Amino acid sequence: MKKIVVTFLVALLGFGLIFANGAADQDAKSQGFKGVIKIGVLAPLTGTNAEYGVGFQVGGQMAVDKINAAGGVNGYKLSLVLKDSKGDQKESSDLARQLADDESICAIIGDFTSGCCMANAPIVDEAGIVQLSPTASNPKYASMSDWCFSIMGRQDGEAPFFARYILRKYMNVTKVGVIYINSDWGVSCIDNFRKEAKAVGLDIVTEVNYVQDEKDFSSLITKLRTAKPEVVLIMDQGAVPQVINQIRSSGWKVPITTLGPGTSEQLINLTKENSEGLLLSTPFFFDPANPVLTAWKDEFAKKAGFQPTVHPACAYDCVFLIADAIKRCGSQKITRKAIRDNLASGNYTGITGPLKFNPAGDITRVYMICAVENGRYVVKEGFDYSKK
């Protein structure tokens, strides 16, 4: 019976989305719009990764505000329906089901972690609704369903870049200790990193892992230190400041690198001088010489209360990608399937660069090397470093 109901719902949605009605719809019409098109957003607004979830919220709303100020999409006003997944896979899946079952939701943006997105893949596939993640980078995610997409780039691109170009070429080290989060994302990182490390002659002298919301890393740091690596690599987003602080509070002066958090200003704020000299990879950097990016960065910081990383910029671009897919429906009915098809075939340039999906539903990014110097991020090598 459940399958029959779901099939009927998907078929019903194929004839055209039922847009928001009631007070919100009337309010939109009073502003000169035809009605409201709603986009669901899954993000960890609370918990370890709250910085990134709030970044989704603020960055996404900035995009919606800009689109609506320009007249909306095909005469419709865009609206975000925000859900706090807390970074928990079960919570995210329950919320994904709620959004999928709401026929007024045209697409879903999120979630933040690859694990949450992968847990949601069967749900969005069955319901026939796009799940476009700004940040999921597990190579297995997008190919799980024709309805799954991501724009962050994949860990089979970034993790090998880290091994070959940051550790072996730029730092010229041969021994690394790795500490990573034991999640779908973290396992993908370390798996891809191991392969490239072996290929370039980089010895992983030891690797340790932890689960989400871990607070005490002392025993793991002791194990890392005992192995005497030349450098430590942290693979995570939310817990990176705690790991850095606990390494330094133990008296260990080892060089630290990190894959995951990007140029997070909160990381510097939480670590102070402990992050001085930190090296990291990022697919995007707010170039102070670019007035458009600088204006966007300043607006975000004013609204969010902290400086942006690539993550909210990707959330911003995701809203524009969905809006572009809706716009290209033209005079035809706007359906979830039409949005999916237009998204897959689109060729859009956002503030994070060109966004054209591979057949699997994700994109190929290139990376630069940044460092923390005198309490701020600086570019050490640009996007062409891997070609030199």
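Just so you know, the sequence shown maps onto residues 1455 to 1842 in my numbering. Yeah, the Cβ is synthetic: ideal placement off N, Cα and C, and Gly gets one too. Treat the numbers as computed from the prediction; the structure is a model and nothing was measured.
- Query: CA-CA distance, Ala1651 and Gly1611?
  - Reply: 13 angstroms
- Query: What is the DSSP secondary structure of Cys1783, reduced to helix, strand or coil?
  - Reply: coil
- Close Cβ partners of Asn1636 (< 7 angstroms) along its chain, the five nearest in sequence each way excluded: Asn1663, Tyr1664, Val1665
- Do you know whose CA, among Gly1486, Lys1492, Gln1485, lies nearest Ile1780's CA? Lys1492
- Query: Is it true that the CB of Gly1514 sits closer than 8 angstroms to the CB of Pro1762?
  - Reply: no
- beta strand (DSSP E) segments (min. 3 residues) lying fully within the region 1720 to 1760: 1733 to 1736
- Task: Please classify Phe1603: does DSSP put it in a helix, a strand, or coil?
- Result: strand
- Minimum C-alpha distance to Met1625 - residue among Lys1810, Ala1613, Ser1642, Leu1733: Leu1733
- Message: Taking the alpha-carbon of Ala1801 as reference, which of Lys1757, Gly1631, Leu1532, Asp1771 has the nearest alpha-carbon?
- Response: Checking the sequence shown, residue 1801 turns out to be Asn, not Ala. Checking every option, the nearest Cα to that of Asn1801 belongs to Asp1771.
- Would Tyr1821 pass as a contact of Thr1736 if the rule is Cβ separation under 8 angstroms? yes
- How would you label Ala1749, buried or exposed, when you count the other beta carbons within 10 angstroms and need 16 or more for buried? exposed
- Cut-off 6 angstroms between Cβ atoms - residues of its own chain near Gly1815, not counting five sequence neighbours on either side: Ala1596, Cys1602, Phe1603
- Task: Pull up the distance between the alpha-carbon of Asp1600 and that of Ala1573, whole angstroms please.
- Result: 15 angstroms
- Would Pro1498 be called buried (16 or more neighbouring beta carbons within 10 Å of its own) or exposed? buried
- In terms of DSSP beta bridges, what is Ala1825 paired with? Leu1733, Val1832
- Query: What residue does the alpha helix (DSSP H) around Ser1587 start on, and which one ends it?
  - Reply: It is not in any alpha helix (DSSP H) - Ser1587 instead sits in the beta strand (DSSP E) that spans 1585 to 1587.
- Query: Is it true that the CB of Ala1613 sits closer than 8 angstroms to the CB of Asn1592?
  - Reply: no
- If we count Cβ pairs, one from each stretch, closer than 8 angstroms, do we get three or more for the region 1547 to 1555 versus the region 1521 to 1532? no
- Nonlocal neighbours in the same chain, by C-beta distance under 7 angstroms from Ala1767, ignoring five residues either side: Gly1513, Phe1738, Ile1805, Thr1806
- Query: Lys1594 by DSSP, collapsed to three states: which one?
  - Reply: coil
- Message: Per DSSP, what are the beta-bridge partners of Leu1534 in this structure?
- Response: Ile1493
- Whose CA, out of Lys1669, Phe1615, Gly1640, lies closest to the CA of Leu1656? Phe1615
- Secondary structure of Glu1689, DSSP reduced to three states: A small fix is needed here, since residue 1689 is Met in this sequence, not Glu. Strand, per DSSP.
- Locate the beta strand (DSSP E) running through Ile1563, then write down its first and last residues. 1559 to 1563
- Query: Opposite Tyr1664 in the DSSP bridges: which residues?
  - Reply: Ile1635
- Task: Compare the Cα-Cα distances from Ser1704 to each of Ala1482, Leu1586, Lys1677 and report the closest residue.
- Result: Lys1677
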